[in-house]
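Only one structure is covered here, and it is reproduced in the block below.
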Amino acid sequence: MASPLAELRLSRRALLRIGAATGGGLALGILFQARAEPESDTQDSSQHNGILSPNAWIRIHTDGRILLVIARSEMGQGIATGLAMLMAEELEVGLDQIQVEQAPVGSAYTNHLLGEQATGESTSIRDAWQIMREAGAVARQLLIAAAATIWSVPDSRCSARRGRVHLAEDPRNLSYAELAETASRLPLPPAPKLKPSDAWTLIGTPQPRIDSPDKVLGAASFGLDIKLPEMLYASIARCEVIGGRITGWRSEAALEIPGVLDVFAVRYGIAVIAKTSWAALRGRDKLELSLRPSANPAADSNRIRDRLQGALKGRAAVARKDGDVSTALNGSHAQIEAVYEVPFQAHACMEPMNCTADVTTERCDIYVPTQAQGRTQATAERITGLPKDRIAVHTTFLGGGFERRREQDFVVDAVELSQLLKRPVQVVWTRADDLQHDFFRPMSLHRLRGGIDAEGRLTAWFHRVAGPSVLARIAPDEIRDGIDPCMMAGAADLPYRVPHQRIEYRRADTQVPIGLWPGGGYDHNSFAAECFIDELAHLADRDPLQLRRNHLADRPRHLALLNEAAREADWDKPPASGRGRGLALAEAFGSLIVAIAEVSVENADIHVHRILCAVDCGQAINPQSVRAQIESGVAFGLTAALKGKITLTKGRVDQRCLSDYTPLKAHEMPEVSVHLVASDAEPGGVGGLAIPVMAPAVANALFALTKQRIRTLPIRLS
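Every number in the working numbering is 1465 more than the matching position in the sequence shown, counting from 1.
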């Protein structure tokens, strides 16, 4: 099942927007741009220098170079390799024969699940599954046709292997380089012919990451690696009080720092301009700021919690209604009620936010680790007034993205400063900036009620989500009848069959800035729902695994995965003495995951020894990357479950550095085993898949061990 935001992007309105953006060239399949002028000066036309460029993604040169244009941001998830595998499979070349280049901004590179040129919500492979294979198939068919033309034989006598076209029952063969010019003059095939799955040699096989050599050798370029002639550096002091503003500043001490050139106000604060990043950061530390107001009692964790607790009562918008929950609860054999709490959390990307801009009267170049190239160009267009064709977005590698880098605040900083100073400017954030001025995962409270009959079957399920709206700022038009689908993912689409369900959302906005999160709403809703399923199992005196099985009888894919996880974990055998075991299931991004956690407790310290994940993500393009993504999701999810918490006191974020907001440490990482279920279904997403199941799996394991229920994150034992 696709993410809610992705599904919304495929609404009729979104499809009309996409059609307008692409000139109607894409409905389902590939947008061919052969014989068209390139959208930027970084692209080649298929008519130039004999280069074969049948679409926006492939360029085959007469010198033998095979270039793949990647339209998604590489932030450690291995997407460059996955996309290259899709294209190489159909083009009949090896990964070692491909060079990769980041795409410019262009309508051909729209992510059609998001409705924009962007990377996020585990959509990259799902969006590219058909498009990239068709791109490779078109190029292969043109190259075969070129060889057939040269040899004056039917296409059927020619086949492609490892970048060469061979003639059947004949020693003759030609390289793609030799065929490129001839192929570039041929008409496009009417429809690309994709290889059958039993002929695949790359898709479904483990492959090393194509970006690893550059990263190991230090040749990979991240945002902070950008160096331009005459470039200046800037650090911006922002108001620490949410809802406040800077009313004055003293810059004398900052200007005394060697290398500091100037201090002045910009949109988001006070900028310190310097010759080096170190001087800019030191100068910024010397600023003395006056704030108004100096405190904001409304943006306080305790007051926000009180507001959300109030939202658990009264009327609310209904996201799902099956049967009659009130009657079913009143008639149930037994029932329980519980409230779960999830805090604000920060993205805490390894590479803090940064952006470099070079704005002149003629053009604007932006060098940035971004997940949203289209938005970045639009931001620069709004600020500079330049037309889009004079604004180039150069995407670097990202030191983590986690949806944070779809925001534009750090882009605004650099573009405004470069336009003002008429020099290239690199804006550098500190870790404190990153933690205190994030667009946080929203805090939410969850009230659940459930009932069972005398046979221990679930009869009624009520779940109210109380929290701020993510889409109110990002995409307000997508809120329907008071329901923010981002906040309700994993709640409104509960996988278990319960005859009477009522799922509600009570919007309770706060002044704290919030944004998208890896795992989205599945993260907070899976914690509440999967823990509550365990509570109901205990009430019914049923094994948590068996209760889930009983209510997945009509979901064979879910049931098969649950059984696979149980087999691999030896669920029927008790864990080692002093250890507890718990499980959680989630359906997100078109994929399924079951996690089983094994934990112990020593002096109230929680030790997670083992995490087993069974995954059904449809066709796994690169199983090695899928496993790596699940493992990294385990680390991210355990950090959120056991450590991550952003708190506010009178408008200020309390956390300033990683000692205050500590990620999972190497010695705390459990043994992780990932079991992929073979599937010929279309690929699902895996980027944020493991995150939602970590907190409930660990919480349920702790209950099995200690009989103490965990209903608040991060997990603490009393």
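From the three backbone atoms N, C-alpha and C, an ideal C-beta is built for every residue, glycine too.
Asked: Identity of the residue in L2057, A1764, A1536 and L2167 nearest M1908 by Cα; Found: A1764
Asked: Nearest neighbour of L1959, chosen from G1980, R1785 and P1655 [CA to CA]; Found: R1785
Asked: W1522, enclosing beta strand (DSSP E) - first and last residue; Found: Looking at the DSSP string, W1522 is not in any beta strand (DSSP E), and its letter there is neither H nor E.
Asked: L1639 to A1648 span [Cα, whole Å]; Found: 12 Å
Asked: D1663 (DSSP reduced to helix, strand or coil); Found: helix
Asked: Beta-carbon proximity of E2067 to P2040, cut-off 8 Å; Found: no
Asked: Contact set for Q2089: own chain, Cβ-Cβ below 6 Å, skip 5 residues either direction; Found: P1671
Asked: Local conformation of L1752 per DSSP, three classes; Found: coil
Asked: Expected contact under 8 Å - CB spacing of G1985 and E1643 to nearest Å; Found: With 8 Å as the limit, G1985 and E1643 do not qualify as a contact, their Cβ atoms being about 49 Å apart.
Asked: Alpha-carbon spacing of P1652 relative to K2108, whole angstroms; Found: 59 Å
Asked: Backbone secondary structure at D2070 - three-state DSSP; Found: strand
Asked: N1761 - DSSP class collapsed to helix/strand/coil; Found: coil
Asked: CA nearest to the CA of R1922, picked from P1933, D1592, A1782 and R2014; Found: R2014
Asked: Strand pairing of S1624, partner residues [DSSP]; Found: H1631
Asked: Presumed contact (8 Å Cβ cut-off) between S1791 and T1924, rounded CB distance; Found: Rounded, the Cβ-Cβ distance is 12 Å, inconsistent with contact.
Asked: Pairwise C-alpha distance: A1745 and S2124; Found: 24 Å
Asked: Unbroken alpha helix (DSSP H) run spanning E1816, endpoints; Found: Premise fails: E1816 is in no alpha helix (DSSP H) and is neither H nor E.
Asked: Cβ neighbours of G1601 in the same chain (closer than 6 Å, five flanking residues each side left out); Found: M1552, E1555 and L1556
Asked: Three CB pairs or more closer than 8 Å across the segment 1824 to 1834 and the segment 1928 to 1948; Found: no
Asked: CA-to-CA distance, W2036 to V2158, given in whole angstroms; Found: 17 Å
Asked: Environment of G1538 [buried if 16+ CB atoms lie within 10 Å]; Found: Looking at the sequence itself, residue 1538 is Ser, so the reference to Gly does not match. By the neighbour-count rule (16 or more Cβ atoms within 10 Å), S1538 is buried.
Asked: CA-to-CA distance, A1957 to F1997, given in whole angstroms; Found: 15 Å
Asked: Other residues of its chain near H1928: CB distance less than 6 Å, five sequence neighbours each side excluded; Found: L1913, A1956 and I1968
Asked: Start and end residues, beta strand (DSSP E) containing S1700; Found: L1697 to A1702
Asked: Environment of E2052 [buried if 16+ CB atoms lie within 10 Å]; Found: buried
Asked: Touching by the beta-carbon criterion (3+ pairs, under 8 Å), the segment 1856 to 1870 and the segment 1717 to 1727; Found: no
Asked: Cβ neighbour criterion (16 or more within 10 Å) applied to S2183; Found: exposed
Asked: Distance, D1903 Cα to R1869 Cα; Found: 8 Å
Asked: Limits of the beta strand (DSSP E) - the one that I1535 falls within; Found: I1531 to I1535
Asked: Strand pairing of W1926, partner residues [DSSP]; Found: G1915 and Q1966
Asked: Cβ pair count under 8 Å reaching 3, the segment 2090 to 2101 against the segment 2132 to 2146; Found: yes
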